[in-house]
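Going by my numbering, 27 is the number at position 25 of the sequence shown; the sequence numbering is gapless. Scroll down for the structure; my scribbles are underneath it.
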Amino acid sequence: MLAIYFSNKKVGVDILTELFYAYIEDKIKREDIGSISAVIADIDENTIDIFVFSLKLNLIKDLLLQEAKIAQTIKAQKLEGLNQLSLAYDKVSTQVAYATRISGALLSLLFFEKLESGNTNFISESTEVFLESLVNSYKTLSKRGIEPNQIFMLLFSESINQSITSLAGASFEDRIKNILISIGIPNDGIEKRHDDNDSSTEFDFFFNYKHRKYGIGAKRTLRERYKQFIKTSHMSKIDVMIEITLGTDLRENIAKSIRSHGVYLFVADEVYKTKKFLQHIDGIFPASKLSLGLLEKLK
Numbered sequence: 003m004l005a006i007y008f009s010n011k012k013v014g015v016d017i018l019t020e021l022f023y024a025y026i027e028d029k030i031k032r033e034d035i036g037s038i039s040a041v042i043a044d045i046d047e048n049t050i051d052i053f054v055f056s057l058k059l060n061l062i063k064d065l066l067l068q069e070a071k072i073a074q075t076i077k078a079q080k081l082e083g084l085n086q087l088s089l090a091y092d093k094v095s096t097q098v099a100y101a102t103r104i105s106g107a108l109l110s111l112l113f114f115e116k117l118e119s120g121n122t123n124f125i126s127e128s129t130e131v132f133l134e135s136l137v138n139s140y141k142t143l144s145k146r147g148i149e150p151n152q153i154f155m156l157l158f159s160e161s162i163n164q165s166i167t168s169l170a171g172a173s174f175e176d177r178i179k180n181i182l183i184s185i186g187i188p189n190d191g192i193e194k195r196h197d198d199n200d201s202s203t204e205f206d207f208f209f210n211y212k213h214r215k216y217g218i219g220a221k222r223t224l225r226e227r228y229k230q231f232i233k234t235s236h237m238s239k240i241d242v243m244i245e246i247t248l249g250t251d252l253r254e255n256i257a258k259s260i261r262s263h264g265v266y267l268f269v270a271d272e273v274y275k276t277k278k279f280l281q282h283i284d285g286i287f288p289a290s291k292l293s294l295g296l297l298e299k300l301k
């Protein structure tokens, strides 16, 4: 679209918008191009330069996003050696997300500080001409009371969030699945499904192992969800029911209630060690003990 603009800069805005429409209809492979069309519909003599500036910022976004991803990866390296169901892992994985957002915000501020000062020597020589034009656009728009940094953060924050989702770490449920696969449960044998006899209960993980059916519920905190599993334990024909949680909100009466209904419980090692009552209730285990051997022993 930038190429269309530069190639047809002397024509009127009406013609430009027609060219933009033609491009997205021919080239953009989406079922719904309504949002893009709506942006183009708002282009006029007063907004065309803002639109072009935003397209340029979109190119810079990918450059800064790679920088933010490096910071994210460095932080994620601290996950090495930690049990995926531990409080330590949970804390670091949360910090990865915050660190990425902070890194992205600081990179954005630094970038616009350099633009404001006209400094283009922080990037390769081949892109200096592009940055010089960006500096000129920045200064022009700033005089009109527009905050280019705010335009950019609208673009950038969404990409940062997508990056966090794809790179930072897995959700609590994903981490449990990783462990199940790592101990020997085949990936294609694990499914998410509702209980056959109590459709109100959904097992986050359901699989068969040595002719027995296992159903696992997985939540970082239990809250009231444990009551549903207790109800299901009376109705289900499943062989082994398990709750996996960090356990930070686990009280003794709840732990005993869960176990009295035949539901096994796995909690973060740190919680198991600090809440002594858990160590005296049969059928409650630290998450690090989850193994095929232990699963076989559960009745």
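Glycine is no exception: its CB is placed at the ideal position from the N, C-alpha and C atoms.
Whole-angstrom C-beta distance between residue j and residue i, which should lie under 8 Å
i: Ile192; j: Lys179; result: 6 Å
i: Ile244; j: Val269; result: No, Ile244 and Val269 are not in contact; Cβ-Cβ is about 11 Å, not under 8 Å.
i: Arg214; j: Asp241; result: 4 Å
i: Ile45; j: Val13; result: About 13 Å; that fails the 8 Å criterion.
i: Lys58; j: Ser139; result: 7 Å
i: Leu2; j: Phe113; result: Residue 2 lies beyond the range of the chain shown here (3 to 301); nothing can be said about it.
Spatially closest choice to residue i from the options, by CA coordinates
i: Ile50; options: Tyr91, Gln74 and Met3; result: Met3
i: Leu108; options: Ser159, Glu82 and Ile76; result: Ser159
i: Ile162; options: Ala99, Phe205 and Thr142; result: Ala99
i: Leu248; options: Asn255, Leu267 and His263; result: Leu267
i: Ser173; options: Leu112, Asp206 and His263; result: Asp206
i: Lys11; options: Arg222, Val54 and Phe113; result: Val54
i: Phe8; options: Glu82, Phe132 and Leu117; result: Phe132
i: Lys221; options: Asn210, Thr250, Val242 and His196; result: Thr250
i: Glu272; options: Glu175, Pro288 and Ile17; result: Pro288
i: Lys77; options: Gly106, Val94 and Lys116; result: Val94
i: Glu115; options: Glu149, His196 and Ala73; result: Glu149
i: Ile104; options: Ser144, Ala40, Gln74 and Phe209; result: Gln74
i: Arg195; options: Gly219, Ile35 and Ser144; result: Gly219
i: Ile42; options: Asp34, Asn48 and Tyr23; result: Tyr23
i: Val265; options: Thr276, Gln281, Gly217 and Tyr274; result: Gly217
i: Asn48; options: Glu33, Arg146 and Lys31; result: Arg146
i: Lys63; options: Leu292, Gly106, Phe279 and Lys278; result: Gly106
i: Asp176; options: Thr203, Asp92 and Lys275; result: Asp92
Beta carbon of residue i nearer than 8 Å to that of residue j
i: Thr102; j: Ala70; result: yes
i: Phe297; j: Leu252; result: Checking the sequence, you will find Leu at residue 297 rather than Phe. Going by C-beta atoms, Leu297 is not nearer than 8 Å to Leu252.
i: Ser110; j: Met155; result: yes
i: Leu21; j: Gly186; result: no
i: Leu87; j: Ile181; result: yes
i: Ser56; j: Ile153; result: yes
i: Tyr25; j: Ile6; result: yes
i: Ile283; j: Lys258; result: yes
i: Asn255; j: Leu157; result: no
i: Lys239; j: Asp190; result: no
i: Ser290; j: Asn151; result: no
i: Leu136; j: Leu117; result: yes
Opposing strand residues paired with residue i [DSSP bridges]
i: Ala220; result: Ile246
i: His196; result: Glu204
i: Asn265; result: First, the residue type needs correcting, since residue 265 is Val and not Asn in the sequence shown. According to DSSP, which records beta bridges pairwise, Val265 is partnered with Met243.
i: Phe209; result: Tyr216
i: Phe154; result: Note: Phe154 sits in no beta bridge, so no partner.
i: Phe279; result: According to DSSP, Phe279 bridges with nothing at all.
i: Ile286; result: Leu267
Tell me the start and end of each unbroken alpha helix (DSSP H) in the stretch 93-127 that is at least 4 residues and wholly inside, in chain order. none
What are the complete alpha helix (DSSP H) segments, minimum 4 residues, inside the stretch 30-59? 36-43
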